[in-house]
Amino acid sequence: MSATAPSTAASAQSAATTISIYDTLTKQKRPFVPVTPGKVGIYLCGPTVYKESHIGHMVGPVIFDCIKRYFTYSGYEVTWVVNITDVDDKLIAESVRRGLPMADVAEEMTQDYLHNLAAFGVDQIDQMPRATETMDEIIEFIAALIEQGFAYESEGDVYFETGKDPQYGKLSNRTTDSLQGEGGEAAQRKRSLGDFALWKAAKEGQPSWDSPWGSGRPGWHIECSAMSRARLGETFDIHGGGLDLLFPHHENEVAQSECRHGKPMANFWMHNGLMRAGASAGKLGGRADREQQQVEQATVATKISRSGGAGGLADLVARQGGERLRFFLLRTQYRSTIVFSEAEVEQSGAGLETFYRLFKRYERITGESYYDVDAPRFRGAGAFDPGDDDTLKSVAAHRQHFIESMDDDFNTGAAVADLFEIARTLNRYADQADLEASGKDDPAKLAVFKQGARTLRELSGTLGLFIRPIQSAGGEDQETLEGVIGLLASIRQDARAAKNFELGDAIRDQLQAAGVTLLDRPDATEWEIQPTGNQLDALMQLVIKIRADARAAKDFAIADKIRDALQSQSITLEDRAGGTEWDKS
RNA sequence: GGCGCCGUGGCCAAGUGGCUAAGGCGACGGAUUGCAAAUCCGUUAUCGGCGGUUCGAAUCCGCCCGGCGCCUCCA
120 MSATAPSTAA SAQSAATTIS IYDTLTKQKR PFVPVTPGKV GIYLCGPTVY KESHIGHMVG
180 PVIFDCIKRY FTYSGYEVTW VVNITDVDDK LIAESVRRGL PMADVAEEMT QDYLHNLAAF
240 GVDQIDQMPR ATETMDEIIE FIAALIEQGF AYESEGDVYF ETGKDPQYGK LSNRTTDSLQ
300 GEGGEAAQRK RSLGDFALWK AAKEGQPSWD SPWGSGRPGW HIECSAMSRA RLGETFDIHG
360 GGLDLLFPHH ENEVAQSECR HGKPMANFWM HNGLMRAGAS AGKLGGRADR EQQQVEQATV
420 ATKISRSGGA GGLADLVARQ GGERLRFFLL RTQYRSTIVF SEAEVEQSGA GLETFYRLFK
480 RYERITGESY YDVDAPRFRG AGAFDPGDDD TLKSVAAHRQ HFIESMDDDF NTGAAVADLF
540 EIARTLNRYA DQADLEASGK DDPAKLAVFK QGARTLRELS GTLGLFIRPI QSAGGEDQET
600 LEGVIGLLAS IRQDARAAKN FELGDAIRDQ LQAAGVTLLD RPDATEWEIQ PTGNQLDALM
660 QLVIKIRADA RAAKDFAIAD KIRDALQSQS ITLEDRAGGT EWDKS
């Protein structure tokens, strides 16, 4: 086993060129070669902040968060930019509807987006420029396109002339001739129906900025060209976004930028697959989804909040937790469609428990928190010599496979399997080496186990998983709940010691029914809590019954123990004619 | 109509020419446990259909069936 060598850029660099990425433009997977050696520039199209985000908005940020982590792990210095579109037709419409200034709506929804990103563990974004803060660069960009003859002014609007770009359509595989759109209400101001707006003249009462073409606001696509140019350069490494942005958004971006610069905009175009709400509902938040919701609204309005998961992301996070949702997204290769259902989130989340239990086991064995394990942060530093130890050989093999999967277009779905395999390997070793008892004191055995845990943490870190302990969602009631469960566990322990298995089993079964699973360890009992409604009350009813039975049997030791324990939780019992009630002060 | 994507065990999901078709959830059997839970071991698929290319295909080609996306705002 090797010591953790200080990682150097050189050691990490050697492996770095093995990453391959599928490029939507060339429709092929090819090795990643950076524009600037050792560096990666990534631009991801962010949201238009006009209403609350839904889980579909998190797909791109989560996978790109992993991509940045993995590039960093591979020795690159990464700059990741995500834009916020805070001026737009829909935003204007929403501000009118709500009677608020557009900037207020944008700010509110930006905060919503930011909170959701944080909940999903997306914390790798370096810059989040707003369109309204980029106005100078946008205007300068448009002026340059007019100057170069790729754009023209028309009654205060400015349009990009797609016919001037011989390559127009290359991203989404379209020809300018095939663009049969009706051109919108601005059709008569365009030279060709396929032309798109770079600048829109302001209408009365709408937010506007001064420009050489009069007051107005930018079209949708130009901000990305202006921002990426300003922050990442004329040619940068990776441009990402949802597949739905391919046309017209990215097609128009690439046209603007490449006509202006005369060189490629991005070396790789990455598009994540879209999330669907159900088998036939179409894309989440898409047309079919919206139409279906309208139908549901007209018929069974109550089901909307629970169906599909569109909107109400904060509620979903509160129910499921961010790490479950993140994991749910990472189980699938990023280019695939994901069909969302909360049941599926729960099912995949069940697998996470395997890891959480292993982390507890790690703590029992080593006496230190798994979350404090100092894992290698670079792939060059994480390699170790397994010698002829079967456990370490297995860990090393799965580490290798994990890296190969991630190198292959960030195949998180395949990589996750190796995480499970390593967890199983460690559990098996802990069983065989009896690490929770006699084996604990064998430094050599402990070292093997710790090496495996270090590798697990090294790898899962690149997926942004298991970074820190998950929050127990309960809040202040959680402490009381834990106290009451501890009391019941203690009573049961006493009963078992006295061979009163009937009482012991009854307690366990009823805790189980209330969503609490007891796990008997050699030296103590632990428990896991599945949140359900009225959990505390259910458990208190059990406590009350046990106390009543004990008093009837004149077993005052138990009754007293209960009373004392409840007192420390500020819970009082009141015996009334119809039964005993409890109250927490 | 134009341009695309997808169809792998009960469910989810890797695998895109060749070792015994990953992994998760679930189910069943076993070890372990006072009984459990957890953990470990084992069982659970020939890859939508048909035809073709090939020594060899889930993986390439064609047709068919089924599902979905973009072409209008959309991560």
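Quick note on our numbering: the first sequence kicks off at 120 and runs consecutively.
All C-beta atoms, glycine included, are put in the ideal place defined by N, C-alpha and C.
(message) If I measure Cβ to Cβ from ILE604 and keep anything under 8 Å in the same chain, skipping five residues before and after, which residues do I get?
(response) In its chain, beyond the 5 residues on either side, LEU630, VAL635, TRP646, ILE648 and LEU658 have a beta carbon closer than 8 Å to the beta carbon of ILE604.
### Close-in-space but distant-in-sequence residues of the same chain around MET247 (CB under 6 Å, 5 per side omitted)
Answer for MET247: VAL201 and ILE203, listed in chain order.
Inside the region 550-628 only - beta strand (DSSP E) runs reaching at least 3 residues: If we require 3 residues or more, the region 550-628 turns out to have no beta strand (DSSP E) run fully inside it.
Residue from ASP550, ARG682 and GLN452 with nearest C-alpha to LEU582 | Answer by Cα proximity: GLN452.
| message | Among ASP208, PHE447 and GLY288, whose alpha-carbon lies nearest the alpha-carbon of GLU175? | response | Per the sequence presented here, residue 175 reads as Gly, with Glu not at that position. When only C-alpha atoms are compared, the closest one is PHE447.
If you measure between the beta carbons of ALA316 and ASP276, is that distance less than 8 Å? Cβ atoms of ALA316 and ASP276: closer than 8 Å.
Cβ pair count under 8 Å reaching 3, the region 224-237 against the region 528-547
Cβ pair count under 8 Å is below three, so no.
Buried or exposed: where does GLU472 fall if 16 or more other Cβ atoms within 10 Å of its Cβ makes it buried? Within 10 angstroms of the beta-carbon of GLU472 lie fewer than 16 other beta-carbons, which makes it exposed.
* Asked: With a CB to CB cut of under 6 Å and the five nearest residues on each side skipped, what residues in its chain are close to GLU700?
  -> Excluding five sequence positions before and after GLU700, the CB atoms of its chain that fall closer than 6 Å to its own CB belong to GLU693, given in chain order.
- Mapping DSSP to helix, strand and coil, what is MET659? Residue state, collapsed to three classes: helix.
- Task: Decide yes or no for the touch test of the region 154-170 against the region 349-358: beta carbon pairs closer than 8 Å, at least 3 of them.
- Result: With three or more CB-CB distances shorter than 8 Å, the region 154-170 counts as touching the region 349-358.
query: Applying the criterion that 16 or more other CB atoms from any shown protein chain within 10 Å of the CB defines a buried residue, is ARG627 buried or exposed?
result: So ARG627 ends up on the buried side.
Residues bridged to ASP276 (per DSSP) | Looking at the DSSP assignment, ASP276 forms a beta bridge with SER273.
On the DSSP bridge list, what partners appear for TRP646? Beta-bridge analysis with DSSP links TRP646 to LEU637.
Exercise. Do the region 480-499 and the region 211-223 make contact, defined as three or more Cβ pairs closer than 8 Å?
Worked result: No: the two stretches stay apart, fewer than three of their Cβ pairs being nearer than 8 Å.
Among PHE269, LEU444, ARG498 and ALA643, which residue has its Cα nearest to the Cα of SER460? Checking every option, the nearest Cα to that of SER460 belongs to LEU444.
Do ASP205 and ARG249 have their CB atoms nearer than 8 Å?
Their beta carbons are under 8 Å apart, which means ASP205 touches ARG249 by this criterion.
ASP527, DSSP secondary structure in three states: It is a strand residue.
Whose CA, out of ASN292, ALA396, ARG293 and LYS319, lies closest to the CA of LEU304?
Before going on, a small fix: residue 304 reads as Glu here, not Leu. Of the listed residues, the one whose Cα sits closest to GLU304 is LYS319.
Assuming contact is defined by CB atoms lying nearer than 8 Å, are GLU732 and HIS517 in contact in what I supplied?
A query on residue 732 cannot be resolved here, the shown segment of the chain reaching from 120 to 704 and no further.
- [ ] Taking the CB atoms as reference points, tell me whether ALA456 and LEU545 lie closer together than 8 Å.
- [x] One detail in the question is off: residue 456 reads as Thr in this sequence, not Ala. Not a contact, by the Cβ cut-off of 8 Å.
Have a look at PRO383, GLY361, PRO367 and ALA374 and flag the residue whose alpha-carbon is nearest the alpha-carbon of MET389.
When PRO383, GLY361, PRO367 and ALA374 are compared, the shortest CA-CA separation from MET389 is found for GLY361.
Query raised in the report: With distances taken from CA atoms, which of ASP504, ARG483 and ASP613 is nearest ALA556?
Result: Cα-wise, what sits closest to ALA556 is ARG483.
GLU280 beta carbon less than 8 Å from that of TRP332: Between TRP332 and GLU280, the gap from beta carbon to beta carbon reaches 8 Å or more.
Indicate the three-state DSSP secondary structure (helix, strand or coil) for ARG498 in the structure shown.
Correct three-state label for ARG498: helix.
With a floor of 3 residues, list each beta strand (DSSP E) that falls wholly inside the region 194-231, ordered by position along the chain. Counting whole runs of 3 or more residues, the region 194-231 contains the beta strand (DSSP E) stretches 196-201.
> What did DSSP end up calling ARG395 once you bin it into helix, strand or coil?
Replying inline: ARG395 falls in the strand class under three-state DSSP.
Nearest-angstrom Cβ-Cβ length linking GLY440 and ILE589, presumed shorter than 8 Å
Right, their Cβ atoms sit about 6 Å apart.
Residue range of the beta strand (DSSP E) that LEU290 falls in?
Here LEU290 belongs to no beta strand (DSSP E), and DSSP marks it neither H nor E.
With DSSP run on the structure shown, which of helix, strand or coil describes ALA420? Any reading at ALA420 needs caution, since the residue's pLDDT is 26, under 50, leaving its predicted position unreliable; the model's value is listed next. Of the three classes helix, strand and coil, the one that applies to ALA420 here is helix, per DSSP.
- Helix, strand or coil at THR711 [DSSP, three-state]: What the structure shows of the chain is the stretch from 120 to 704, and residue 711 is not part of that stretch, so it cannot be assessed.
Quick check: the Cα distance between LYS289 and THR143, rounded to an integer number of angstroms?
Spanning the two alpha carbons is a distance of roughly 10 Å.
**Asked** To which residues does DSSP link TYR141 through a beta bridge?
**Response** LYS148.
Query - CB of THR644 within 8 Å of CB of GLN612, strictly - result: Yes, they are a contact pair.
First through last residue of the alpha helix (DSSP H) which encompasses LYS479:
First-last of the alpha helix (DSSP H) with LYS479: 461-485.
**Request:** On a CA-only basis, which of ASP668, ASN391 and ALA632 is nearest GLY179? Give me that one, please.
**Result:** Taking only the C-alpha atoms, the option nearest GLY179 is ASN391.
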